[in-house]
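Residue numbers (UniProt numbering): 1 to 397.
Each residue gets a CB set at the ideal place from its N, CA and C atoms; glycine is no exception.
Contents: one structure, followed by commentary.
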Amino acid sequence: MITHEIPANNTIRLAMLVTRMDIGGVPDHIMTLLDGFGRNIDVTLITDSIHADHLADIENSGVKVHLLQMKRLVSVKSDLKALKNLRRILKDGQFNILHTHMSKAALLGAIVGTFSRDIIVVNTAHNLGFIAIPQYWKKAVFWAYDKIISALGFDAIITVSQMVANKIIRAKVAPGNRVHVITNGIRLQEFKASAKKETEFRREILGNAEGVIIVCVARLVWFKGIDTLINAFSRVLKEHPSARLAIIGDGELRDTLMAQTRQLGIEEFIHFCGERRDIPAILSASDLFVLSSVSEGLPISLLEAMAAQLPIVATDVGGISELILHGDTGYLVPARDPVKLAKNISDLLSDPNARRTLGKAGYNRLCTEFTQDAMVMRTEALYQQLLEGTTGEFVNV
Numbered sequence: 001m002i003t004h005e006i007p008a009n010n011t012i013r014l015a016m017l018v019t020r021m022d023i024g025g026v027p028d029h030i031m032t033l034l035d036g037f038g039r040n041i042d043v044t045l046i047t048d049s050i051h052a053d054h055l056a057d058i059e060n061s062g063v064k065v066h067l068l069q070m071k072r073l074v075s076v077k078s079d080l081k082a083l084k085n086l087r088r089i090l091k092d093g094q095f096n097i098l099h100t101h102m103s104k105a106a107l108l109g110a111i112v113g114t115f116s117r118d119i120i121v122v123n124t125a126h127n128l129g130f131i132a133i134p135q136y137w138k139k140a141v142f143w144a145y146d147k148i149i150s151a152l153g154f155d156a157i158i159t160v161s162q163m164v165a166n167k168i169i170r171a172k173v174a175p176g177n178r179v180h181v182i183t184n185g186i187r188l189q190e191f192k193a194s195a196k197k198e199t200e201f202r203r204e205i206l207g208n209a210e211g212v213i214i215v216c217v218a219r220l221v222w223f224k225g226i227d228t229l230i231n232a233f234s235r236v237l238k239e240h241p242s243a244r245l246a247i248i249g250d251g252e253l254r255d256t257l258m259a260q261t262r263q264l265g266i267e268e269f270i271h272f273c274g275e276r277r278d279i280p281a282i283l284s285a286s287d288l289f290v291l292s293s294v295s296e297g298l299p300i301s302l303l304e305a306m307a308a309q310l311p312i313v314a315t316d317v318g319g320i321s322e323l324i325l326h327g328d329t330g331y332l333v334p335a336r337d338p339v340k341l342a343k344n345i346s347d348l349l350s351d352p353n354a355r356r357t358l359g360k361a362g363y364n365r366l367c368t369e370f371t372q373d374a375m376v377m378r379t380e381a382l383y384q385q386l387l388e389g390t391t392g393e394f395v396n397v
């Protein structure tokens, strides 16, 4: 481990490199860090684009921003240009640490770390894409990609769950002494929704009728398993015809999933609500949260559901079992199993007392283990240890 010069005034100059600040778990994670860092962290955000929902918060935070054009897919010409511009930004800013998030940012950061030992490079692995890919050749390509960039130039890799850390080490993507588990946390103060907004959402989904709302907050992409949720919900309706499913989020599979609801004849019972800003009110107004993913790290959407004291049914993939204790704070089911998913949903819809008990237990677990303060404190401590050259192996494999 190389010992770097510790800033004389104890202020760490941090460059946070994120491919895109769009809507989703990773940008929410970034916003939680930016909001929580102490005054000893001087942050500059470097990203390709910023969604309007984040713009005001970033401007109000006083965080400096550099826009850096990055294409999501590999493009030699574009990537070389982005790398050149990134190196200029880093040189001008005299940063101590570069912290990367998302694949393209990680690639650029790894190259910077390979050719410059004047800056510490940290990458957060929010998930392991190659684990869930069914095609062997694609899995091999993504594994090789992750291994190469990890070997190139990362001084440390942060994982958001113990599971992701274990997978990284067992797949030989990186050695254990460079892997550090820092679980996600959220800002609890954001989950104080107004009763008026809750009423408005229930009316939006149920109209004037009585019923229960099942909610899922997820991007409409293949690894979120929304097709399995829709199939499960078609079974739930046979026992609970007054139930409604609200899917919050957007993505490339929207049209395909809407066609699936029409084929099943249940389109009037499912609401595709798109991207929403009123997530706290939506969760507080709902009766049950479901996540049917086939691959995850440690989903922020589940933390948000726990903050709203919602009972949860989720698939047992990735780091979800580190959040949800089966039978205590929610129910876990196998991925891609609509029958078991439907049964657990139906059981909870039939038992309001169980829903309340699970919701309260989940909230208590969140408040003790998955807070913003804990995540920020551990991240700042890792930065300091990297500067001092005193990091050790944090994970248990």
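Straight-line CA distance for residue i to residue j?
| i | j | result |
| --- | --- | --- |
| PRO27 | LEU323 | 20 Å |
| GLY24 | ALA218 | 8 Å |
| ASN10 | ASN40 | 6 Å |
| residue 410 | LEU98 | Nothing in the structure corresponds to residue 410, since the chain is present only between 1 and 397. |
| LYS139 | ASN127 | Here the model assigns LYS139 a pLDDT of 49, short of 50, so the residue's position is not dependable, and the following value carries that caveat. So the alpha carbons of these two residues sit roughly 14 Å apart. |
| SER321 | THR261 | 29 Å |
| ASN184 | MET102 | 15 Å |
| MET70 | ASP48 | 6 Å |
| LYS343 | ASP351 | 13 Å |
| THR124 | GLU239 | 43 Å |
| VAL43 | GLN189 | 23 Å |
| ILE205 | ARG244 | 7 Å |
| PRO95 | GLY36 | It is worth fixing the name first, because residue 95 is Phe in this sequence and not Pro. If I take the Cα positions, the gap works out to 19 Å. |
| ALA106 | VAL294 | 23 Å |
| LEU386 | LEU55 | 31 Å |
| LEU257 | GLN384 | 46 Å |
| VAL74 | LYS104 | 8 Å |
| ILE131 | LYS172 | With a pLDDT of 49 at ILE131, under the threshold of 50, the predicted position of this residue should be treated as unreliable, though the coordinate-derived value follows. The straight-line gap from Cα to Cα measures roughly 13 Å. |
| ILE2 | ILE226 | Low local confidence applies: a pLDDT of 48 at ILE2 is under 50, so the model's placement there is unreliable, with the coordinate-based value given in what follows. Each residue's alpha carbon lies about 46 Å from the other. |
| SER116 | GLY176 | 23 Å |
| ASP53 | GLY251 | 17 Å |
| PHE394 | GLY62 | Residue placement at PHE394 cannot be trusted, given a pLDDT of 49 that sits under 50; the coordinates are not used to answer. |
| LEU90 | THR100 | 13 Å |
| LEU83 | ILE58 | 24 Å |
| VAL122 | ASN166 | 18 Å |
| GLU369 | LEU325 | 13 Å |
| SER284 | GLU388 | 44 Å |
| PRO338 | LEU302 | 19 Å |
| ILE12 | ASP118 | 14 Å |
| GLY359 | ILE50 | 33 Å |
| LEU14 | ILE169 | 27 Å |
| ILE312 | ASP92 | 47 Å |
| PHE272 | ASP255 | 10 Å |
| GLN372 | MET31 | 10 Å |
| GLU198 | ALA174 | 45 Å |
Compute the distance between the beta-carbons of residue i and residue j, then report whether it is under 9 Å.
| i | j | result |
| --- | --- | --- |
| PHE289 | VAL215 | yes |
| LEU108 | ASP79 | yes |
| LEU298 | ALA314 | no |
| GLY113 | VAL376 | no |
| ILE186 | ALA281 | no |
| ILE247 | ILE270 | yes |
| ILE158 | THR379 | yes |
| PHE191 | GLU304 | yes |
| GLY274 | GLU296 | no |
| PRO334 | ASP347 | no |
| GLY249 | LEU310 | no |
| HIS180 | LEU382 | yes |
| THR228 | SER292 | yes |
| LEU349 | VAL236 | yes |
| VAL76 | LEU45 | no |
| LEU220 | LEU253 | yes |
| ALA209 | SER242 | yes |
Just list the residues that DSSP pairs residue i with in beta bridges.
| i | result |
| --- | --- |
| VAL290 | VAL313 |
| ILE186 | THR371 |
| HIS29 | In the DSSP output, where bridge partners are listed per residue, HIS29 has none listed. |
| GLY330 | HIS326 |
| ILE205 | None, per the DSSP bridge assignment. |
| LEU17 | ILE46 and THR100 |
| VAL181 | THR159 |
| VAL76 | Beta-bridge pairing links VAL76 to no other residue. |
| ILE213 | ARG244 |
| ILE41 | ILE12 |
Hey, quick one: how far does the alpha helix (DSSP H) through residue i stretch, first residue to last?
| i | result |
| --- | --- |
| ASN60 | 52-61 |
| LYS192 | Run containing LYS192: none; DSSP gives neither H nor E here. |
| VAL339 | 338-349 |
| ILE300 | 300-307 |
For the beta strand (DSSP E) that residue i lies in, which residues bound it at each end?
| i | result |
| --- | --- |
| VAL122 | 120-125 |
| LYS64 | 64-67 |
Which runs of the beta strand (DSSP E) spanning at least 3 residues fall entirely within the stretch 219-278, listed in chain order? Listed in chain order, they are 243-248 and 270-274.
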